[in-house]
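Remarks on the structure that follows.
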């Protein structure tokens, strides 16, 4: 069974640009959540989607947004990038809301 | 305010000995707890979980203990192996709310 797939794995962007990250969940999983990991801050929850609806949202500014498609695939977007947005962005999927979640390998974003 | 705390940023253990990783939480409504392991440049991997109705769960070399009165859980790895060297995160949730993670403990198993 294929795991959670995230693309791209690595990317470098300039301040002020925007970025879109993609996530394909484990087959059959209906819930997708996104986390940001920065050094010393652990994993910070961004948002969670279930059946194309955002069910939970973390404490991040409106520059961070996401969506889920009918096939459960998800994207997250960060607009007007700031240096502090440099982080590992992790997508995770689960069969139901906030059950045991399974992570992808992450997308490393560097903002310069 | 951190709801899940891992107070030891790092831990070193000799190969073959027991590794004990600790986690404290403040929200008494948490009812589901998990441990994840993370290698560099990879996403976290689910290790083991425990429901609040239990106080112990085992899976091979890994055992999680939950002390609800102390709001404390621990992960025991016996025997520790060099391949166990990684960052370990504990996480907790209340009902269908998103998992809340600790900041992690880096385990080094020395051969």
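Residue numbers (the numbering used here), protein chains in the order written: chain Z, 280 to 391; chain Y, 51 to 161.
C-beta atoms are modelled at their ideal positions from N, C-alpha and C, and glycine is treated no differently.
Model, not experiment: these values are computed from the prediction.
- In this structure, residue 114/Y and residue 127/Y do not form a Cβ contact; the two beta carbons are roughly 10 Å apart against a cut-off of 8 Å.
- For the stretch 123-148 of chain Y, residues whose beta-carbon sits nearer than 7 Å to a beta-carbon of chain Z comprise 139, 143, 146, 147 and 148.
- Pairing residue 303/Z with residue 352/Z, the inter-Cα distance amounts to about 5 Å.
- Below 8 Å, enough C-beta pairs join the stretch 89-109 of chain Y and the stretch 377-390 of chain Z to call them touching: three or more.
- Counting only Cβ-Cβ distances below 7 Å, residue 381/Z has contacts in chain Y at 96, in chain order.
- Distance from residue 123/Y to residue 63/Y at the Cβ level is roughly 18 Å; contact not present, criterion being Cβ atoms closer than 8 Å.
- Residue 301/Z is outside the set of residues whose beta carbon lies under 9 Å from a beta carbon in chain Y.
- In the displayed model, residue 362/Z falls within a helix according to three-state DSSP.
- From the listed residues 147/Y, 142/Y, 159/Y and 146/Y, the smallest Cα separation to residue 153/Y is found for 142/Y.
- Scanning the stretch 120-146 of chain Y from its first residue to its last, no whole alpha helix (DSSP H) run of 4-plus residues comes out.
- With a threshold of 9 Å between beta carbons, residue 320/Z makes contact with chain Y.
- The three-state reading of DSSP puts residue 74/Y in strand, counting E and B together.
- The alpha-carbon of residue 56/Y is positioned some 32 Å away from that of residue 298/Z.
- C-alpha of residue 321/Z to C-alpha of residue 73/Y: approximately 13 Å in a straight line.
- Neighbours of residue 335/Z in chain Y, taken as residues at a C-beta separation under 9 Å, are given in chain order as 146, 147 and 148.
- In terms of Cα proximity to residue 140/Y, the closest of 306/Z, 310/Z and 323/Z is 323/Z.
- In this structure, residue 346/Z keeps its C-beta atom at 9 Å or more from the C-beta atom of residue 329/Z.
- For residue 337/Z, the closest C-alpha among the options 151/Y, 161/Y, 61/Y and 155/Y is that of 151/Y.
- DSSP places residue 389/Z in the strand class (E or B) of the three-state scheme.
- Within the stretch 76-94 of chain Y, the residues whose Cβ lies closer than 8 Å to any Cβ of chain Z are, in chain order, 84, 86, 91, 92, 93 and 94.
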